[in-house]
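Peer 1: If you use full-length UniProt numbering, the sequence shown corresponds to residues 1 to 195, in order.
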Amino acid sequence: MAVEKNQVDETGAVWTTVYLDGGWSHRSYGHNYNAASGTAVIIGKLTGKLLYLGVRNKYCSICARATNRRDFAQAHLCFKNWTGSSGAMESDIVVEGFKASMDMHKLKYLKFIADGDSSVFAKIRQEVPYGNMVHKIECKNHVIKNYGSALYKIKKDTAELENIAQRCIYLNAHGTTDNLKKDLANGPNHVFGII
Numbered sequence: 001m002a003v004e005k006n007q008v009d010e011t012g013a014v015w016t017t018v019y020l021d022g023g024w025s026h027r028s029y030g031h032n033y034n035a036a037s038g039t040a041v042i043i044g045k046l047t048g049k050l051l052y053l054g055v056r057n058k059y060c061s062i063c064a065r066a067t068n069r070r071d072f073a074q075a076h077l078c079f080k081n082w083t084g085s086s087g088a089m090e091s092d093i094v095v096e097g098f099k100a101s102m103d104m105h106k107l108k109y110l111k112f113i114a115d116g117d118s119s120v121f122a123k124i125r126q127e128v129p130y131g132n133m134v135h136k137i138e139c140k141n142h143v144i145k146n147y148g149s150a151l152y153k154i155k156k157d158t159a160e161l162e163n164i165a166q167r168c169i170y171l172n173a174h175g176t177t178d179n180l181k182k183d184l185a186n187g188p189n190h191v192f193g194i195i
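(1) Leaving out the 5 sequence neighbours to the left and right, which residues in its chain are closer than 8 angstroms to His26 when beta-carbon positions are compared?
(2) Just to confirm, is the Cβ distance from Thr16 to Lys99 under 9 angstroms?
(3) Measuring straight from C-alpha to C-alpha, what distance separates Lys136 and Arg70?
(4) Span of the beta strand (DSSP E) holding Thr17?
(5) Determine the burial state of Glu4: buried for a count of at least 16 other Cβ atoms within 10 Å of its Cβ, exposed for fewer.
(6) Just verifying my parser: in three-state terms, what is the DSSP assignment at Lys108?
(7) Given this structure, state the Cα-to-Cα distance separating Ile62 from Val134, to the nearest angstrom.
(8) Of all the options Val94, Gly12, Pro129 and Ala88, which has the alpha carbon lying nearest to the alpha carbon of Asp21?
(9) Assuming Gly54 contacts Ala40 (C-beta within less than 8 angstroms), just tell me the rounded distance between them.
(10) Identify whether Ser119 lies in helix, strand or coil by the three-state DSSP scheme.
(11) Taking just the CA atoms, how far does Asn186 sit from Leu46?
(12) From the DSSP output, read off the bridge partner residues of Thr158.
(13) The alpha helix (DSSP H) with Ile62 in it runs from where to where?
(14) Relative to the C-alpha of Gly97, which candidate in Phe79, Asp115, Tyr130 and Asn179 has its C-alpha closest?
(15) Can you give the Cα-Cα distance for Ser85 and Val8, rounded to whole angstroms?
(16) Just tell me which of Val18, Thr83 and Met102 has its CA closest to the CA of Gly12.
(17) Let me know the secondary structure DSSP gives Val55 once reduced to three states.
Right under this line is the structure:
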């Protein structure tokens, strides 16, 4: 499909856009990243197919039991494959997937759609051979969520904003759509502190 869309870079390699996402064995709510397991996936945007899946585990019950008994673990299939921080699991898996893209699929992932985590993008840029060619596209759901969060923070931090917003809503309900368009276009200025 990428070839049909003429998605070929200057080296002749076929490229595609992918979705990235990661998750952990329990929620962190933006802090306290101490999960024992994490996973990340790379999914092709054009096909919707899974291109890469990785898992990182900081814990193995057989090894832990042996350690508690001050004994050696018997030979077993150990799933512990990570000693770093839980927060670094996602970026490590994604970089591994990007590095394997040419061998596995004969593809470069030159554009990716993901949440606002900039550490993944920085690591791709540093460690992937074609990382300097990669572009990040913010996931619209996270952009909207972050925009909404910024507006709620402004409301909380600025007591008078509620009254201003109520007046704007009233005026817009009784005014023209042109004024509403101007107010909506001005929203980002408030979010980023450019008032």
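Don't be surprised by glycine CBs; every beta carbon is placed ideally from N, CA and C.
Peer 2: Result, derived from the coordinates:
(1) Ala35
(2) no
(3) 48 angstroms
(4) Trp15 to Trp24
(5) exposed
(6) strand
(7) 41 angstroms
(8) Val94
(9) 6 angstroms
(10) helix
(11) 34 angstroms
(12) Answer by DSSP bridge pairing: none, since Thr158 is not bridged.
(13) Ser61 to Asn68
(14) Tyr130
(15) 37 angstroms
(16) Met102
(17) strand
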